[in-house]
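Comments concern the structure below.
Residue numbers (this note's numbering): 711 to 845.
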């Protein structure tokens, strides 16, 4: 079982967000067009689909903030979030995707999604960012 990792983020970026997610990482392979209705976005470094990033209604727009231990700024990351990530980077597992909480009442620990359990495609009527359940 994975160990609990405290959420280091201040949520001080735009709209109370972290300001750091896969789509702003230099390893992000973007879809040919936005919105990404075919869910083509991937991580080049880990060669995994990033379906988990999308909102719950299947619109092709992003719906959460996720990152891994190999996160590298692609030039669009909120600088304070990079500093905050460094506080816990040494605790992050190399084969896990981490999620920040959009719920202010749950901002104590990071959500954890092992790469092997990430969804390969968007499931109808089920939010991508809750498939699978975080550990």
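Ideal Cβ positions, reconstructed from N, Cα and C, are used throughout, including at glycine. Here the structure is a predicted model, which means the values were calculated and not measured.
Under DSSP, the beta-bridge partners assigned to residue 809 are 776 and 821.
CA-to-CA, the gap between residue 751 and residue 785 works out to about 18 Å. Distance check between residue 818 and each of 749, 718 and 780 places 718 closest, using alpha-carbon atoms only. No Cβ-Cβ contact shorter than 7 Å links residue 775 with residue 806.
Taking residue 755 as reference, the option from 762, 737 and 725 with the minimal CA-CA separation is 737. C-alpha of residue 783 to C-alpha of residue 747: approximately 25 Å in a straight line. Counting only the Cα atoms, residue 744 lies some 30 Å from residue 803. The C-alpha of residue 796 lies about 10 Å from the C-alpha of residue 790. In terms of CA proximity to residue 780, 753 leads the group 753, 721 and 716. Note that the C-beta distance between residue 742 and residue 830 is not below 7 Å.
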